[in-house]
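Undergrad: Residue numbers (my numbering): -18 to 337.
The following block contains the structure, expressed as structure tokens.
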Ligand SMILES: NC(=O)c1ccc[n+]([C@@H]2O[C@H](COP(=O)([O-])OP(=O)(O)OC[C@H]3O[C@@H](n4cnc5c(N)ncnc54)[C@H](O)[C@@H]3O)[C@@H](O)[C@H]2O)c1
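What follows is the structure, given as structure tokens:
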């Protein structure tokens, strides 16, 4: 079991049965009611294991969220708050989020706003959740196609990261998680980037040491800058373009979050090179590795127009400027780079030509 301290939150990586979960339920939350938030798939694949393994959860209330990024919205959150009220949940009770980034983002937000905040624990069940979404205290909802426009910073009490939950995760979702691990490599060290790429090629083997290494990269950045006033912004590498693509296709193509971020990373690496920051060799390495693993969509003119327009509403923008993270080399990222909207048009056009 690996124990990692975050700001006001503990991370435990390893078998949840050997973790502090049982004693926390029995000691800290002994007189609290427990509510487990799942989605339709984690209800099917992960809930029974959790409830049968931990006796204090036998009488827990279960709330099921609908699957799909398009459901990460206020209407569903309101339904959950109503259910919590109906179950008589107080601010001294405990919410347990058992799922991927959708469940931990929404569940964290719901818990943080309910009766001005009640305690919650994250148990991520996707690779993406384990290395990224469940950590760092960003919670939130989408507003229409705009990603995570409503949200608060609020940390869970503990995050239990147990790779056992990955046994039922579909391959496409595993790849999505790998995309965020690749991002950790690109912003932290070329050696980590190479290791993640190798792991992805070797039949997606999840090595716990690599998992912990990626968790530590995110945790270190988050500890230095918990509210994203500065350095934490580098975790958004690939996400300015990635979020716009994800938001645009949310109700149609249904690309995974990681796939959109991977395409965003290829394009933002190209932008880094085009603007004279990243050398050609490094850009070509990123482009060649990532495009073998994640297909770049063939954007039409109308799609490019709509996606680029969405960039003007990205939540990282400041004073009318579109801000982006760009790479100086593999392993070094610069944040708050001001990019003209026309540059994004040119990037999309370049990739459309490359694809044709
Ligand atoms: N808060 C943050 O810092 C942060 C960081 C990165 C991403 N995110 C957010 O996370 C979300 C993406 O997270 P995600 O990729 O985990 O998506 P997700 O939660 O939608 O899960 C992906 C799919 O896998 C299914 N699933 C989950 N666990 C499973 C399991 N063990 N077995 C079988 N199926 C399982 C889900 O039901 C879903 O269909 C996005 O909303 C993104 O914005 C947040």
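Every residue gets a Cβ at the ideal spot worked out from N, C-alpha and C, and that includes glycine.
Based on the DSSP secondary-structure assignment, which residues constitute the bridge partners of residue 105?
TA: Within the chain shown, residue 105 is the residue found at index 124, counting from 1. According to DSSP, residue 105 bridges with 80.
Undergrad: Quick check: does the Cβ of residue 48 come within less than 6 Å of any heavy atom belonging to ligand 1?
TA: Translated into positions along the chain shown, residue 48 becomes position 67. The answer is yes for residue 48.
Undergrad: Among 97, 72, 96, 101, which has the Cα closest to the Cα of residue 84?
TA: Here residue 84 refers to the residue found at position 103 when the chain shown is read from its first residue. Ranking 97, 72, 96, 101 by Cα distance to residue 84 puts 101 first.
Undergrad: Verify the contact flag: residue 26, CB atom, against every heavy atom of ligand 1, threshold strictly below 6 Å.
TA: The residue given as residue 26 occupies position 45 in the chain shown. Yes; taking the cut-off as 6 Å, the Cβ of residue 26 has a heavy atom of ligand 1 nearer than that.
Undergrad: Have a look at residue 311 and residue 171 and give me their C-alpha separation to the nearest angstrom.
TA: Numbered from 1 along the chain shown, position 330 holds the residue referred to as residue 311. Numbered from 1 along the chain shown, position 190 holds the residue referred to as residue 171. Cα to Cα, residue 311 sits roughly 5 Å from residue 171.
Undergrad: What is the residue span of the beta strand (DSSP E) that residue -16 lies within?
TA: Start at 1 with the first residue of the chain shown, and residue -16 comes out as number 3. Taken as a continuous stretch (DSSP letters only), the beta strand (DSSP E) holding residue -16 covers -17 to -14.
Undergrad: Based on the DSSP secondary-structure assignment, which residues constitute the bridge partners of residue 307?
TA: What you label residue 307 is simply residue 326 of the chain shown in a count that begins at 1. According to DSSP, which records beta bridges pairwise, residue 307 is partnered with 315.
Undergrad: Identify whether residue 67 lies in helix, strand or coil by the three-state DSSP scheme.
TA: As a working mapping, residue 67 is identified with position 86 in the chain shown. Of the three classes helix, strand and coil, the one that applies to residue 67 here is helix, per DSSP.
Undergrad: In chain order, what residues of the same chain have a beta carbon less than 7 Å from the beta carbon of residue 181, not counting five sequence neighbours either side?
TA: For the purposes of this step, residue 181 is identified with residue 200 of the chain shown, where counting begins at 1. The answer, listed in chain order, is 159, 274.
Undergrad: Got a sec? Which residues, its chain only, sit under 7 Å from residue 164 by beta carbon, not counting five neighbours each side?
TA: Sequence index remark: in the chain shown, residue 164 carries index 183 (1-based). Once the five neighbours on either side are set aside, the close Cβ partners of residue 164 are 218, 219, 242, 246.
Undergrad: Can you tell me whether residue 130 is helix, strand or coil according to DSSP?
TA: Along the chain shown, one-based indexing puts residue 130 at 149. Residue state, collapsed to three classes: strand.
Undergrad: Taking 7 Å as the limit between beta carbons, can you name the residues of its chain near residue 194, skipping five residues before and five after?
TA: Locating residue 194 in the chain shown gives position 213, where the first residue counts as 1. So the list reads 173, once near-sequence residues are dropped.
Undergrad: Who are the near neighbours of residue 303 in its chain, counting only those whose CB is closer than 6 Å to its CB and skipping five residues on each side?
TA: Locating residue 303 in the chain shown gives position 322, counting from the first residue. Around residue 303: 292, 320.
Undergrad: Just verifying my parser: in three-state terms, what is the DSSP assignment at residue 260?
TA: Counting from one through the chain shown, the residue named residue 260 turns up at place 279. Three-state result, residue 260: coil.
Undergrad: Give the DSSP-derived three-state secondary structure of residue 20 in the structure shown.
TA: As a working mapping, residue 20 is identified with position 39 in the chain shown. Here residue 20 sits in strand by DSSP.
Undergrad: Could you check the C-alpha separation between residue 95 and residue 335 for me, to the nearest Å?
TA: Position 114 of the chain shown holds residue 95. Position 354 of the chain shown holds residue 335. If I take the Cα positions, the gap works out to 49 Å.
Undergrad: Give a yes or no on whether the C-beta atoms belonging to residue 191 and residue 259 are separated by under 7 Å.
TA: The residue labelled residue 191 in the question sits at position 210 within the chain shown. The residue labelled residue 259 in the question sits at position 278 within the chain shown. Going by C-beta atoms, residue 191 is not nearer than 7 Å to residue 259.
Undergrad: Taking all protein chains shown into account, decide if residue 231 is buried (16 or more other Cβ within 10 angstroms of its Cβ) or exposed.
TA: Numbered from 1 along the chain shown, position 250 holds the residue referred to as residue 231. It counts as buried.
Undergrad: So does residue 150 have its beta carbon nearer than 6 Å to some heavy atom of ligand 1?
TA: Here the question's residue 150 lines up with position 169 in the chain shown. For ligand 1, at least one heavy atom lies less than 6 Å from the Cβ of residue 150.
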